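Student: First residue of the sequence shown: 48, per the working numbering; consecutive thereafter. Yeah, the Cβ is synthetic: ideal placement off N, Cα and C, and Gly gets one too. The structure displayed is predicted, hence computed values, not measured ones.
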Amino acid sequence: MIEPSKVKEAFNRIEDENYSFRAYLKNHADEEVLDEQFSKLHKELFLSNDCSKCRNCCKEYSASFKEDELAPVAAFLKIAEKDFRDKYIKEELGGYQLNVRPCCFLKEDGGCQIEACKPVSCRDYPYTDKPERLFGLLSIVDSTSICPVVFEIFERLKQEYRFKRRKRY
């Protein structure tokens with residue numbers, strides 16, 4: 048699997064190819080089969096991958112929060128919800144987002160300061176084990192620039208579909 052520090056560079060070399068493969072899947076993949084393929088690869092690759100050694104997602108994305116996720120995090124941090132909102136959150140269309148990047152709750156050892164109550168958006172990332180992947184392929188392509196596991200999943204799917212490529216990373 049590709050090293051976390053090399054994912055962005057490798058993605059940049061094959062970005063057009065990844066978008067072409069996305070278009071190919073949209074037109075040729077069976078939704079249920081694709082979900083099964085993603086789920087199988089997700090389980091296999093995350094079993095052997097220690098996310099705490101990477102945390103590109105925490106470094107590159109701003110965590111999203113739903114309204115009902117704010118109070119538990121504030122309580123966990125032992126601060127008032129209003130103070131939590133003022134210090135860490137910006138309101139976005141349809142929800143809330145951490146106002147800093149990298150994530151201010153990322154610890155030096157790769158752990159998460161708010162692990163016990165971190166938002167669903169963080170817990171579920173990169174969503175490769177969720178249903179209806181055919182309709183979430185844009186976010187998957189985006190995640191191939193961040194997550195080594197998603198990068199590998201996409202490369203393996205290209206092999207499974209015998210997708211013509213210019214070169215492997």
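Taking the alpha helix (DSSP H) that residue 187 falls in, what are its first and last residues?
Tutor: 184-190
Student: Which residues bound the beta strand (DSSP E) around residue 144?
Tutor: 142-145
Student: Using DSSP's beta-bridge definition, name the partner residues of residue 112.
Tutor: 143
Student: Distance check for residue 48 and residue 202, CA to CA, integer angstroms please.
Tutor: Their backbone Cα atoms lie some 10 Å apart in a straight line.
Student: Given a cut-off of 9 Å, decide if residue 208 and residue 190 are closer than it, judged by their beta-carbon atoms.
Tutor: no
Student: Considering Cα atoms alone, identify which of 57, 109 and 93 is closest to residue 139.
Tutor: Of the candidates 57, 109 and 93, the one whose C-alpha sits nearest the C-alpha of residue 139 is 109.
Student: Where do the ends of the alpha helix (DSSP H) carrying residue 107 lie?
Tutor: 103-107
Student: Thinking C-alpha only, which one of 210, 200 and 164 is nearest residue 152?
Tutor: Ranking 210, 200 and 164 by Cα distance to residue 152 puts 164 first.
Student: Cβ atoms of residue 90 and residue 156: under 9 Å apart, would you say?
Tutor: no
Student: What three-state label does DSSP hand residue 159 in the structure shown?
Tutor: strand
Student: Reducing DSSP to helix, strand and coil, say where residue 138 ends up.
Tutor: strand
Student: With a Cβ-Cβ cutoff of 9 Å, do residue 143 and residue 124 count as a contact?
Tutor: no
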